[in-house]
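Enquirer: Protein chains in written order, with my numbering: chain V, 12 to 174; chain P, 12 to 174. Yeah, the Cβ is synthetic: ideal placement off N, Cα and C, and Gly gets one too. These numbers come from a predicted model, not from an experiment.
Below, the structure written as structure tokens:
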């Protein structure tokens, strides 16, 4: 699968999360993104330094600005299970806007063509670091990092893409 | 690979963890277990309820008793990456004896024949819940759970196996 690119339709897929009552739920990406402007960003791993200290906090800090510019949903995806995603999300008590969704078996990440083989590093199959700007299921920006970089997929990069 | 059983030699494998200086380290199971009495227990996932609230706490609570009975190492393995294992281990500040080791790509879990396919539940390939009692690399007890059960692999079960 070629990596998702500008102009593509966002494929559908099912992700999971624990709701406010701590019940495991599944949600389709299309149900969140159809008819809306959304940001979908992906990280190689919960609790890893770049993801935890830079990538995620950037989107949390800029959430109000994104909303003022018409973004309806900000979604963080990682190839971690929903238990780990829940524990990781709890480390951001200030967060009200970023949804943490689990792609535990990397199924949706493969659908996006954004899988990253970190088996040799003992991390298994993960996701590339990326950020997508999606308007009614059409990809408007696809900022996909190479390797372990963090140069194009930040909240600021997506804000620039919205100008 | 048939699941590991009583009488087998414990295969070697490499697991990873963050040391006290927060540096990523790799360690071979044989370097920890050769010439020693060790308990090796495995869990389906960090931050999952049975693992977090029952399985792990049991071994932490009984650690002193295990040591008094000649156990040199108590090792917890999970198919999670070392970042997640570190974050999970921190939720047990009282723990001094149980080592949390990451088998992020499930390589060692496959070597033990204890892999568990939870892909349909969005959890990917994980480990069965198990506890092994190993004396100088010989398996003396192999308590391996079926499915999501927790009936034979507890700290108390291993204590009984040592009688």
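Could you tell me whether any Cβ in chain B is nearer than 8 Å to the Cβ of residue 92 of chain P?
Expert: Judged by its chain identifiers, the structure shown contains no chain B, and its protein chains are V and P.
Enquirer: Does residue 53 of chain P have its Cβ less than 8 Å from a Cβ in chain V?
Expert: By one-based count along the second chain, residue 53 of chain P stands at place 42. Chain V, which has no Cβ nearer than 8 Å to the Cβ of residue 53 of chain P, makes this no.
Enquirer: Measuring only the C-alpha atoms, how far is residue 29 of chain P from residue 32 of chain V?
Expert: The residue you call residue 29 of chain P lines up with position 18 of the second chain. The residue you call residue 32 of chain V lines up with position 21 of the first chain. Taking the straight line from one Cα to the other gives about 33 Å.
Enquirer: Closer than 8 Å is the cut-off here; do at least three beta carbon pairs connect the region 133–143 of chain P with the region 103–119 of chain P?
Expert: yes
Enquirer: Could you tell me whether the Cβ atoms of residue 111 of chain P and residue 59 of chain V are closer together than 8 Å?
Expert: What you label residue 111 of chain P is simply residue 100 of the second chain in a count that begins at 1. What you label residue 59 of chain V is simply residue 48 of the first chain in a count that begins at 1. Cβ atoms of residue 111 of chain P and residue 59 of chain V: not closer than 8 Å.
Enquirer: Quick check: what's the CA-CA separation for residue 166 of chain P versus residue 153 of chain P?
Expert: Counting from one through the second chain, the residue named residue 166 of chain P turns up at place 155. Counting from one through the second chain, the residue named residue 153 of chain P turns up at place 142. Near 13 Å, if we compare the C-alpha coordinates of residue 153 of chain P and residue 166 of chain P.
Enquirer: Counting beta carbon pairs with one atom in the region 62–79 of chain V and one in the region 89–108 of chain V, are three or more of them shorter than 8 Å?
Expert: yes
Enquirer: Within the same chain, show all residues whose beta-carbon is closer than 7 Å to that of residue 51 of chain V, passing over the 5 residues directly before and after it, in chain order.
Expert: For this step, residue 51 of chain V is matched to residue 40 along the first chain. Result list for residue 51 of chain V: 86, 88, 143 and 145, in chain order.
Enquirer: Distance, Cα to Cα, residue 38 of chain P vs residue 25 of chain P?
Expert: On the second chain, position 27 is the one that residue 38 of chain P refers to. On the second chain, position 14 is the one that residue 25 of chain P refers to. Put simply, the backbone Cα of residue 38 of chain P is about 5 Å away from that of residue 25 of chain P.
Enquirer: Tell me the DSSP bridge mates of residue 139 of chain P?
Expert: Here residue 139 of chain P refers to the residue found at position 128 when the second chain is read from its first residue. Beta-bridge pairing links residue 139 of chain P to no other residue.
Enquirer: Tell me which same chain residues have a C-beta within less than 7 Å of the C-beta of residue 92 of chain P, skipping the five on either side of it?
Expert: Looking up residue 92 of chain P in the second chain gives position 81. Same-chain partners within the cutoff: 113 and 115.
Enquirer: Give me the Cβ distance between residue 55 of chain P and residue 148 of chain P, rounded to the nearest whole Å; I'm assuming they're in contact under 8 Å.
Expert: Residue numbering aside, residue 55 of chain P sits at position 44 when the second chain is read from its first letter. Residue numbering aside, residue 148 of chain P sits at position 137 when the second chain is read from its first letter. Actually they are not in contact, since the Cβ atoms of residue 55 of chain P and residue 148 of chain P sit about 25 Å apart, beyond 8 Å.
Enquirer: Just grab the DSSP bridge partners of residue 103 of chain P for me.
Expert: In the second chain, counting from the first residue as 1, residue 103 of chain P sits at position 92. BP columns for residue 103 of chain P are empty, so no partner.
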